[in-house]
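Some notes on the structure that comes next.
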Amino acid sequence: MTTSQLEYFKELLLERKEQIQRNINDAASEIDGLRQSGATDELDFASISADEELEHSISAKQQQELNEIDQSLKKIESGIYGICDMCEDDIDIERLKVKPHARYCITCREIAEKTIIK
């Protein structure tokens, strides 16, 4: 992978990381606002609880993506970015453009998904 391609992917990863961090912070602020809204009846409390649970689930997925992004940034720094974790072949550039924190090539991703399902 060329230096300019690595810089391109590093920029994509950093932009996505910043966006996710903003999303997580905004969601936390929104939940805090709901908690402090002065809910007075059980319906309000149930609604706030459901919103908290949904935001927690979304934040957990986003935190997982943040971890994958951090791993990809470390791979860029160590010179192993874009290499499949399973077969050690290059991950297709087009795949990385769609998912810059991809750990697997398409073939190995399908194998990993089938293994997880079983």
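In terms of UniProt numbering, the sequence shown is residues 1 to 118.
Just so you know, even glycine gets a beta-carbon here, dropped at the ideal spot from N, CA and C.
Because the structure is a prediction, the values reported are computed rather than measured.
(1) With distances taken from CA atoms, which of E110, A112, H101, I106 is nearest residue 131?
(2) For F45, count neighbouring Cβ atoms within 10 angstroms of its own Cβ and tell me buried if that reaches 16, exposed if not.
(3) Which residue's Cα is closest to the Cα of Q5: C105, R103, E94?
(4) Can you look up D90 in the DSSP assignment and give me helix, strand or coil?
(5) When you compare only the Cα positions, how much space is there between D32 and H56?
(6) Are the Cβ atoms of I20 and Q62 separated by less than 7 angstroms?
(7) Quick check: I24 and S59, are their CB atoms within less than 7 angstroms of each other?
Answer, in terms of the structure:
(1) With the chain covering only 1 through 118, there is no way to say anything about residue 131.
(2) Counting from 1 along the sequence shown, the entry for residue 45 is found at position 45. By the neighbour-count rule (16 or more Cβ atoms within 10 Å), F45 is not buried but exposed.
(3) Stepping through the sequence shown from its first residue, residue 5 is reached at position 5. Taking only the C-alpha atoms, the option nearest Q5 is E94.
(4) Here residue 90 refers to the residue found at position 90 of the sequence shown. DSSP places D90 in strand when its eight states are reduced to three.
(5) Within the sequence shown, residue 32 is the residue found at index 32, counting from 1. Within the sequence shown, residue 56 is the residue found at index 56, counting from 1. Those two C-alpha atoms are separated by around 13 angstroms.
(6) Here residue 20 refers to the residue found at position 20 of the sequence shown. Here residue 62 refers to the residue found at position 62 of the sequence shown. Yes.
(7) As a first step, residue 24 must be located in the sequence shown, where it is residue number 24. As a first step, residue 59 must be located in the sequence shown, where it is residue number 59. Yes; because the gap between Cβ atoms is below 7 angstroms, this pair is in contact.
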